[in-house]
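Structure first, then comments.
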Amino acid sequence: MRLINRRPGGLGILASAAIPFALALILYVIASSIRLAENPDDKLLPDLSTIGAAIERVAFEPDRRTGDYIFWTDTGASLQRLVTGVFLAALVGLAVGVPNGLVPWFGAFWSPAIRALSMIPPLAVLPILFIVFGVGELAKVMLILLGTAPFLMRDIEQRVRELPREQLIKAQTLDATSWQVALRVVLPQVLPRLIDGVRLSLGSAWLFLIAAEAIASTDGLGYRIFLVRRYLAMDVILPYVAWITFLAFLFDFGLRRLNRRCFPWYGA
Amino acid sequence: MIEVRNVWKRYDDKTVLEKVSLNVERNEFITIVGASGCGKTTFLRMLLGEVEPCEGSIFVEGEPLIPEPHADRGVVFQRYSVFPHLTVLENVLLGLDLANARWLGRTFGRRRTQNVERAREMLKRVSLERTAGNYPSELSGGMQQRLALAQTLVKAPRILLLDEPFGALDPGYRTDMHELLLDLFGELDLTVFMITHDIAEGFSLGSRLLVFDKPRVDPHNPDLYGATITFDLPVGHHRRLDSIVDTMNVKPGQE
Ligand SMILES: Nc1ncnc2c1ncn2[C@@H]1O[C@H](COP(=O)(O)OP(=O)(O)O)[C@@H](O)[C@H]1O
Ligand SMILES: [Mg+2]
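As given, the protein sequences belong to chains A and B, one line each in that order.
Just so you know, the numbering used here puts 347 at position 150 of the first sequence, and the rest follows in order with no gaps.
Just so you know, the numbering used here puts 1363 at position 128 of the second sequence, and the rest follows in order with no gaps.
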């Protein structure tokens, strides 16, 4: 059988997906043991037991100073900012994108402004956000919002424009008002696309979250990584990075499942 | 009932339609044939109110045509006529619900029960009652077109515009669709315009056949002149395919 016609089965899929991860882990262990053999005080590649102890310390023992389980308070603080920011961005994306794509006058008015807005590098205006909104939660949420909303607005606008004209005409021959076309024809068809858009923008949302936390914060996953960097605490940084990656994966996975569950007609 | 007066349509330098004039009585079944790209769809979209004529005007029962799509003119396109995010039942229900619920766009309680009842009757009429809960993507092309018909007819339009509605269906299935369409035409108070690329369909289905063609062609600039109605023939209602063959042998103009 030709190579292009051979497909992995159930176990094969699982095994072939797991192998690269296992390889990376093995390589790490080897590299770490080589470095530690040369210098037992090396902090760059701590061995697994050191990492385990660090996880134990931050996740399962209360902090000596504050009494918090800092791993979980960091996670909670970060997720709250991320989810708030992305959720607001999705709302703004819908509220602007749908009328922009559907109502010509609305689009003529807002589209150029939004295109200009989306050119602004969000990190460049971060200082402005800190000045305007203070260094509290609001500025961080605003950075995520500012960083992801323009993409979502333009994406949704584009998705609305891609709907077949025939559908909009058909709805009008069923006596739909503009509002009804938006509510019953456009909105439900755009929702799963919005979720796909959110999946795509989660990467940059994490970027903006960590950047904001690194610069001005007292808790959060990004804050912690940048804090312990001063002590070269790779044993904390590495699990934090792995955890962030896992959370990002979980979001993506969850949103994909949500799309399939809620919009069975989508992608069919 | 419908009067088209000296209608022209140009896009930039391209003349698509020229000098199109037509008078249509109530309950006529008009079929339209013509070469691909000659402007049949453009003509239909003018009747729909989606495209505005550059010159001339269209009147419906003496009134100028409402220049946007409207519930008195139902339409079925070759594709994309049904809503993929609504089930079969919801697709038919939509038109009824929109009329009853201006802001929510959907009804509840007794109203909804009544509307569901009507939608189900319509579905039964096009033999789709068993797939009421399915999404259009789970239906065959022919079933989707039947759904599109049901969705439109439940609003009881006076004018039904069909743009190659059966063009994508295989021939055997098309005959069933013809039967259905003629039955519905007989039952409802309809005036039908139907574009087809199937000449046999054009002859057999309608009561009047329009042929769109360019009477003048400039060999150096084919876009200079547009198409118009070159033949306007009364044709009989032929319910059986075998009679189509006879009709096909009649030369246009001879009737
Ligand atoms: N919006 C438009 N802009 C420019 N040209 C158009 C537009 N719509 C249609 N046309 C042109 O009008 C001609 C007739 O199109 P159409 O009515 O779709 O033909 P038919 O349905 O007979 O195949 C085509 O040559 C097409 O390129
Ligand atoms: Mg056409």
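Idealized CB from N, CA, C, for every residue including glycine.
This one's a predicted model, so the numbers in the text were calculated from it and none came from an experiment.
Asked	Found
Does the beta-carbon of B/Lys1275, which I'm using as the reference point, lie nearer than 6 Å to any heavy atom of ligand 1?	yes
Whether or not the region 1358-1373 of chain B and the region 392-403 of chain A are in contact is what I'm after, with contact meaning three or more pairs of Cβ atoms, one per stretch, closer than 8 Å; do they touch?	no
Going by C-alpha distance, which of A/Pro217, A/Ile227, A/Glu410 is nearest A/Ser275?	A/Glu410
Once you ignore the five residues that flank B/Gly1384 on each side, which residues in its own chain have a CB closer than 8 Å to its CB?	Per the sequence presented here, residue 1384 of chain B reads as Leu, with Gly not at that position. Closer than 8 Å at the Cβ level, and outside the excluded window around B/Leu1384, lie Val1311, Val1361, Pro1400, Leu1415, Leu1416, Leu1419.
Chain A beta carbons: is any one of them nearer than 7 Å to that of B/His1432?	no
Hey, B/Ser1256 and B/Val1268: beta-carbon distance below 7 Å or not?	no
Taking B/Leu1329 as the query, report the chain A residues whose CB atoms sit under 7 Å from its CB, ordered along the chain.	Leu371, Arg381
Between which two residues does the beta strand (DSSP E) holding B/Asp1467 run?	1463-1469
Between the C-alpha atoms of B/Thr1342 and B/Glu1325, what's the straight-line distance to the nearest angstrom?	11 Å
Using only CA atoms, which one of B/Met1281, B/Gly1272, B/Thr1266 lies nearest to B/Trp1243?	B/Met1281
What are the boundary residues of the alpha helix (DSSP H) that A/Lys367 is part of?	362-370
Contact between the region 1301-1319 of chain B and the region 356-372 of chain A: three or more CB pairs below 8 Å?	yes
Find the residues of chain E that neighbour A/Trp462, judging by a C-beta separation of less than 7 Å, and give them in chain order.	Absent here is chain E; the protein component of the structure consists of chains A and B.
Assuming A/Tyr437 is part of the alpha helix (DSSP H), what are its boundary residues?	431-459
So, is the C-beta of B/Glu1286 closer than 7 Å to a C-beta in chain A?	Sequence inspection shows Val at residue 1286 of chain B; the Glu mentioned does not correspond to that position. Not one chain A Cβ lies under 7 Å of B/Val1286.
Please tell me whether B/Lys1244 has its Cβ less than 7 Å away from any Cβ of chain A.	no
Which residues of chain B have a Cβ atom closer than 8 Å to the Cβ of A/Ile258, listed in chain order?	According to the sequence shown, residue 258 of chain A is Glu rather than Ile. In chain order: nothing, as chain B lies at least about 51 Å away.
Is A/Gln277 close to chain B, meaning its C-beta is less than 7 Å from at least one C-beta of that chain?	no
When every heavy atom of ligand 1 is checked, does at least one fall within less than 6 Å of the C-beta of B/Ser1271?	yes
Spell out whether any CB of chain B is found under 7 Å from the CB atom of A/Glu410.	no
For chain A, is any of its Cβ atoms less than 7 Å away from the one on B/Lys1390?	yes
Can you have a look at B/His1320 and say buried or exposed, based on whether 16 or more other CB atoms are within 10 angstroms of its CB?	buried
Would the beta-carbon of B/Val1251 be found less than 6 Å away from any heavy atom of ligand 1?	yes
Just list the residues that DSSP pairs B/Leu1444 with in beta bridges.	B/Thr1266, B/Leu1468
Tell me the start and end of each unbroken alpha helix (DSSP H) in the region 1357-1444 of chain B that is at least 4 residues and wholly inside, in chain order.	1376-1388, 1406-1422, 1434-1440
Along chain B, in chain order, which residues have C-beta atoms closer than 7 Å to that of A/Gln386?	His1320
Is A/Glu258 helix, strand or coil when you go by DSSP?	coil
State the Cα-Cα distance for the pair A/Ala219 and A/Ala313, rounded to the nearest angstrom.	45 Å
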